[in-house]
Amino acid sequence: MVIGLVFTIENFIAHAERQIDQIHRRVILGEIIPHAEKVFSIFEEHTEWISKGKAGVPVELGLKVCVLEDQHGFILHHRVMKHESDEQVAVPMVEESKKKFSDLTACSFDKGFHSPANQKDLQEHLDNLILPKKDKLSLKDKEREYSPSFIQARHQHSAVESGINALEVHGLDRCPDHGVNGFKRYVALAVLARNIQQLGVKLRQKELALLEPKEKLKKAA
124 MVIGLVFTIE NFIAHAERQI DQIHRRVILG EIIPHAEKVF SIFEEHTEWI
174 SKGKAGVPVE LGLKVCVLED QHGFILHHRV MKHESDEQVA VPMVEESKKK
224 FSDLTACSFD KGFHSPANQK DLQEHLDNLI LPKKDKLSLK DKEREYSPSF
274 IQARHQHSAV ESGINALEVH GLDRCPDHGV NGFKRYVALA VLARNIQQLG
324 VKLRQKELAL LEPKEKLKKA A
């Protein structure tokens with residue numbers, strides 16, 4: 124117990140010394156501190172600076188989580204993104220998902236996941252890839268992205284936003300657990316809870332569909 128306490132105090136002392144050094148360099152010497160040297164939480168050291176680029180909430184602190192949701196609203200796979208960008212996880216997300224769901228043949232991504240390499244590599248894993256380009260579109264790209272099938276798939280993609288919102292509403296907006304392993308465990312449990320909830324919704328819809336003809340017969344009688 125004493126050894127653990129000593130280790131904790133030494134860790135905080137190291138954080139204090141680093142902070143003093145960075146303040147001196149930034150304020151006195153006028154340096155720009157490299158992003159990689161910055162620590163955003165001395166209690167949860169895995170915390171990252173997340174630039175969302177959205178009005179109202181341009182920046183958040185935490186870890187990004189990528190989720191892959193099927194057409195029925197179930198989350199098939201998720202990945203806690205530690206020091207990873209969207210374009211770095213696109214291929215691993217599909218590869219890992221196909222190990223569990225071999226019939227996965229189509230997937231829609233935001234343009235943040237795009238890179239020339241991803242465009243090529245993902246086509247080897249999927250029959251139908253919906254991946255908008257970030258840059259200026261060529262005539263061939265315009266023909267592909269303005270096609271009815273591409274547009275329809277993009278509209279369906281928006282449904283995953285409701286899944287992300289549901290995860291946040293049901294507790295994933297703020298993780299009460301500690302450490303990166305605690306964060307990953309909490310995310311996994313949130314995904315499980317979301318899928319169980321979605322299963323309950325589907326079962327309830329099925330029950331209501333079976334009851335509907337009976338209710339109509341009662342009214343007719």
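In the numbering used here, the protein residues as written are 124 to 344. For each residue, glycine too, the CB sits at the ideal point set by N, CA and C.
Measuring only the C-alpha atoms, how far is residue i from residue j?
{"i": "Thr131", "j": "Lys223", "result": "41 Å"}
{"i": "Lys187", "j": "Ile173", "result": "8 Å"}
{"i": "Cys298", "j": "Ile165", "result": "16 Å"}
{"i": "Asp144", "j": "Ala289", "result": "42 Å"}
{"i": "Lys265", "j": "Leu254", "result": "12 Å"}
{"i": "Asp193", "j": "Glu167", "result": "32 Å"}
{"i": "Glu219", "j": "Asp244", "result": "14 Å"}
{"i": "Leu128", "j": "His206", "result": "29 Å"}
{"i": "Lys329", "j": "Glu335", "result": "10 Å"}
{"i": "Gly305", "j": "Ile287", "result": "20 Å"}
{"i": "His169", "j": "Ala332", "result": "47 Å"}
{"i": "Ser285", "j": "Leu262", "result": "33 Å"}
Is any beta-carbon of chain B found at less than 9 Å from that of residue i?
{"i": "Ser238", "result": "Among the chains in the structure shown there is no chain B, since it carries only a single protein chain."}
Relative to the C-alpha of residue i, which candidate in the options has its C-alpha closest?
{"i": "Lys256", "options": "Glu210, Leu326, Val303", "result": "Glu210"}
{"i": "Ser231", "options": "Glu219, Lys263, Phe273", "result": "Phe273"}
{"i": "Gln275", "options": "Asn251, Asp258, Ser285, Ser261", "result": "Asn251"}
{"i": "Gln246", "options": "Leu227, Leu260, Glu133", "result": "Leu227"}
{"i": "Glu268", "options": "Leu184, Lys234, Gln321", "result": "Lys234"}
{"i": "Asn241", "options": "Leu184, Pro271, Ile156, Ser208", "result": "Ser208"}
Confirm, please, whether the CB-CB distance from residue j to residue i is below 9 Å.
{"i": "Thr196", "j": "Val314", "result": "Reading off the sequence shown, one finds Gly at residue 196, where the question assumed Thr. Not closer than 9 Å, so no."}
{"i": "Val150", "j": "Val303", "result": "no"}
{"i": "His201", "j": "Val214", "result": "no"}
{"i": "Val217", "j": "His248", "result": "yes"}
{"i": "Asp125", "j": "Arg141", "result": "According to the sequence as given, residue 125 is Val; it is not Asp. Their beta carbons are not under 9 Å apart, which means Val125 does not touch Arg141 by this criterion."}
Using 8 Å for Cβ pairs, my map puts residue i next to residue j. What's the rounded Cβ distance?
{"i": "Asp296", "j": "Tyr309", "result": "Contact flag wrong, Cβ pair sits at about 11 Å."}
{"i": "His293", "j": "Ala316", "result": "6 Å"}
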